[in-house]
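*Asks:* Here's a structure for you.
In this note's numbering, the protein residues as written are 2 to 71.
Rendered as structure tokens:
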């Protein structure tokens, strides 16, 4: 898989999660030029759901991510 394919896959993942997600609506800000910033806990509240989203995004949704008791 090429870098371009990974980027396209990550973009599709983000766009699918932004549709109808109240949490991501709260974390997402649009910037000049049409870009988006998704704050998963730097300035925003973050939390478990935001962390799981960020983990799946960095993996381009190619792996399952879960939280296990430890």
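Think of the CB as a built atom: it goes at the ideal place given N, C-alpha and C, for glycine as much as any other residue.
For clarity, every value in this text was computed on a predicted model and none was experimentally measured.
Which same chain residues, not among the five before or five after residue 57, have their C-beta less than 6 Å away from its C-beta?
*Replies:* So the qualifying residues of the chain are 66.
*Asks:* When burial is assigned at 16 or more other CB atoms within 10 Å of the CB, is residue 51 buried or exposed?
*Replies:* With 16 or more Cβ atoms within 10 Å of its Cβ, residue 51 is classed as buried.
*Asks:* Taking all protein chains shown into account, do 16 or more other C-beta atoms lie within 10 angstroms of the C-beta of residue 28, making it buried, or fewer, making it exposed?
*Replies:* Buried: at least 16 other Cβ atoms inside 10 Å.
*Asks:* Suppose contacts are defined by Cβ-Cβ distances below 8 Å. Is residue 62 in contact with residue 31 by that definition?
*Replies:* Cβ atoms of residue 62 and residue 31: not closer than 8 Å.
*Asks:* Where do the N-terminal and C-terminal ends of the beta strand (DSSP E) with residue 32 fall, by residue?
*Replies:* Taken as a continuous stretch (DSSP letters only), the beta strand (DSSP E) holding residue 32 covers 29-32.
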